[in-house]
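Visitor:
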Amino acid sequence: MSSMTGDVVELSTSIVKGYPYYLSTARSKHNYFAKLQYGLQRPGTTTFNLDGDIINRHYKATPVDYFRSGFGGGSDETEDRIYSKKPLLPINCVTEIHIYAGNHILMDSTLSLKLRKVAILAKRRGIPIYFYNHIRYLEDQNKSEALSGKELMTTLGKVGGEIAKNDLPQEKEPRKDLKNWIRLLTAKDVAHLTTDQKFLLMQIANGYGDLNLGDTMMYSGKPGGKSYEYVNWLNQYMMKYKIKDTHSLVMRIRQKYDLF
C-alpha cells in the first residue's frame, strides 16, 4: 500500500485519521479512475479484483473525487480508497488478476521475467490469472479473449532460465538516507552522529522544506523492499507523536538540535 505521510495533497484528501497507508481502487471496471490507468496502454498494466466482503469487514474505505464529478459522471468518477494502519494487504483479498501483456514486440526480458513470476505465484496461491494482448480486453476483463498458454509464451518471448530472486532487477532504494533521518530523531546529541548524519543536519539547518523526505517515503515504502522497515518506522513515529507531515517532522529535528 502507499504511504500518504509525505504528500500534502494526499493528506488533505484523507478523512480517516491514524491510517497512514492507503490503496487506490476503482468501484467498477469502466469508471474514470480505472480508465486513467488503462489509457497508458503499457504492457504489464495489471488489475487486481478484490473481495469486497473482506475489505468491508476489516478496513476503512472512503470515496475520493479529485474532479468534483466535473466530467459529468457523478460518483462514478471517484476513486475508492482503502485505508490501513499497516502497509500490507493480505493476499486472500485478491480474487482474480488481469494483466495486459501486449505482444512480443513490446516485451522485454525484464518485464517478461516479472510477468512469469506473477503467474507462478498466482498459481501457487490458487488465484485465477488472465493475460490479454489488447488493452480493451483487460478493461472489460473479457476472459474469452485471454491468451492461451501457448499464446502467452509467444508473447513473453524466449527468455530462458528459471526465475530466481536475483533475476529481477534490484531497484536502488534510499535506505541509508532514511536511516540517517531516523538517527537524527533517536540520537542523544550531535556527538552521537556520523559524518553523513551531521551533513544531513547541516542541510536541514541551511535548507528549506523537508528536503524531499516526503517524496522518499511515498515512493520507497514498497513492502518487501529494503527501505520498507524504515518508512514504516517513520510513519509509526509520526503517529505516536501526532506529527501531521514531514515538514513538521523536520521542524521537530530543528527544535531538538536548536537549529533556529
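My numbering puts the first residue of the sequence shown at 1169, with every later residue one more than the last. A virtual CB, placed ideally from N, CA and C, is assigned to each residue, including glycine.
With DSSP as the reference, label H1360 as helix, strand or coil.
Guide: Looking at H1360 - three-state DSSP - the assignment turns out to be helix.
Visitor: For Y1425 and M1385, I'd like the C-alpha separation in whole angstroms.
Guide: Distance between the alpha carbons of Y1425 and M1385: 23 angstroms.
Visitor: If you follow the beta strand (DSSP E) that T1213 is in, where does it begin and where does it stop?
Guide: Unbroken run through T1213: none, as it is neither H nor E.
Visitor: Taking 8 angstroms as the threshold (C-beta atoms), are I1297 and A1287 in contact?
Guide: Yes. Within cutoff.
Visitor: With distances taken from CA atoms, which of R1292, L1361, K1253 and G1393 is nearest K1408?
Guide: Among R1292, L1361, K1253 and G1393, the Cα nearest to that of K1408 is on K1253.
Visitor: So which of G1393, K1356 and R1343 has the shortest CA-CA distance to L1381?
Guide: With distances taken between Cα atoms, L1381 lies closest to R1343.
Visitor: Compare the Cα-Cα distances from I1259 to each of M1275, K1197, I1223 and S1416 and report the closest residue.
Guide: Among M1275, K1197, I1223 and S1416, the Cα nearest to that of I1259 is on I1223.
Visitor: Less than 8 angstroms separating the beta-carbons of R1422 and I1350?
Guide: No, they are not a contact pair.
Visitor: Could you tell me the distance, in whole angstroms, from the CA atom of T1214 to the CA atom of E1397?
Guide: Looking at the two C-alpha atoms, the distance is approximately 26 angstroms.
Visitor: With distances taken Cα to Cα, identify the nearest neighbour of V1262 among Y1251, S1277, G1220 and K1282.
Guide: Among Y1251, S1277, G1220 and K1282, the Cα nearest to that of V1262 belongs to G1220.
Visitor: Ordered along the chain, which non-local residues of its own chain (more than five positions away) have a Cβ less than 6 angstroms from that of T1414?
Guide: These residues qualify, in order along the chain: G1174, D1378, L1381 and G1382.
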